[in-house]
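Its first residue numbered -14, the sequence shown is counted upward by one per residue in the numbering used here. Glycine included, every Cβ here is placed at the ideal spot set by N, Cα and C.
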Amino acid sequence: MNNMDLIISTIKKVYSIRHAVEKRAMEKNPFNGIPLLEDIAYRLSSDALSKDQMKDISAFVTATCPNEETLVIMERISAFKAGQKVDRPLKVLLSYVGLILPILIVILIEAYMVYLGIITEMPYLILTFVLILAAIIISVLLFAYLGYDPVYRRDMIENHAWKAIHKECEYRLNLGGQKRLTD
């Protein structure tokens, strides 16, 4: 396998892993068939690699790098790609504000109700409960919709895959060095 084939096969592997992570997010969704909840659950799903995908990466590195030379090339490629920073869009940062702001507003409203001394009356107790419930729902919705950016998610999944490949290559190179020391 020449260097170009090694690079192309590695890129294809990263893309297939990304596709598998996105497919897993859709299949493992507990709210399949419920329109709004299904969308929210997908947006909040993890972009981490599963154990099977980590094993797949290990097997891929073993299969494509039969000697130390190809392993070093793979390690350099993956180190470069894993070291690239994934830019977080502003709307993802705003999602954290959207997570906290509704709850803070409700806390301020309830503090004002305590200040006025009306929080112990029955209609205001119900209002307090409704405000807390609404704040939680709004917080989750804002976090889900502001925090989801398909390009950012794709880049994060690919970055996780490149880091896993790099880690596996480093492990195998270190293992090879240890074998030479013991021989």
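For this session: Go ahead and pull the three-state DSSP assignment for L93.
Result: Against the sequence shown, residue 93 aligns to sequence position 108. In the structure shown, L93 sits in a helix (DSSP, three-state: H, G or I).
For this session: Tell me whether R3 sits in a helix, a strand or coil according to DSSP, three-state version.
Result: Residue mapping note: residue 3 aligns to position 18 of the sequence shown, counting from 1. Three-state result, R3: helix.
Exercise. Quick one: what does DSSP say F16 is sitting in, helix, strand or coil?
Worked result: Residue numbering aside, residue 16 sits at position 31 when the sequence shown is read from its first letter. Of the three classes helix, strand and coil, the one that applies to F16 here is coil, per DSSP.
Exercise. R28 and A119: beta carbons closer than 8 Å?
Worked result: As a working mapping, residue 28 is identified with position 43 in the sequence shown. As a working mapping, residue 119 is identified with position 134 in the sequence shown. Against a cut-off of 8 Å, the Cβ pair of A119 and R28 comes out as no contact.
Exercise. Cβ atoms of A146 and R9: under 8 Å apart, would you say?
Worked result: In the sequence shown, the residue the question calls residue 9 occupies position 24. In the sequence shown, the residue the question calls residue 146 occupies position 161. Contact flag unset, no.
For this session: Whole angstroms is fine: what's the gap from F114's alpha carbon to R139's?
Result: Numbered from 1 along the sequence shown, position 129 holds the residue referred to as residue 114. Numbered from 1 along the sequence shown, position 154 holds the residue referred to as residue 139. If you take the alpha carbons of F114 and R139, they lie about 39 Å apart.
Exercise. Does the Cβ-Cβ distance between S(-6) and T49 come in under 8 Å?
Worked result: Reading the sequence shown from its first residue, position 9 is the one you call residue -6. Reading the sequence shown from its first residue, position 64 is the one you call residue 49. Yes, Cβ-Cβ distance for S(-6) and T49 is below 8 Å.
Exercise. Would you say Y137 and V57 are within 8 Å of each other, going by their C-beta atoms?
Worked result: Numbered from its first residue, the sequence shown carries residue 137 at position 152. Numbered from its first residue, the sequence shown carries residue 57 at position 72. Not a contact, by the Cβ cut-off of 8 Å.
Exercise. Which whole-angstrom value describes the C-beta separation of S124 and L84, a residue pair presumed to lie in contact below a C-beta threshold of 8 Å?
Worked result: The residue you call residue 124 lines up with position 139 of the sequence shown. The residue you call residue 84 lines up with position 99 of the sequence shown. Their Cβ separation, rounded to whole angstroms, is 5 Å, which keeps S124 and L84 in contact under 8 Å.
Exercise. So what does DSSP say about L29, is it helix, strand or coil?
Worked result: As a position in the sequence shown, residue 29 is number 44, starting the count at 1. Three-state DSSP puts L29 in a helix.
Exercise. What do you reckon, are the CB atoms on L34 and A149 nearer than 8 Å?
Worked result: Within the sequence shown, the letter at position 49 stands for residue 34. Within the sequence shown, the letter at position 164 stands for residue 149. Yes, these two residues count as a Cβ contact at 8 Å.
For this session: Quick one: residues in its chain with C-beta nearer than 8 Å to the C-beta of F65, no 5 flanking neighbours on either side, listed in chain order?
Result: Residue 65 sits at position 80 when you count from the first residue of the sequence shown. Nothing meets the Cβ criterion.
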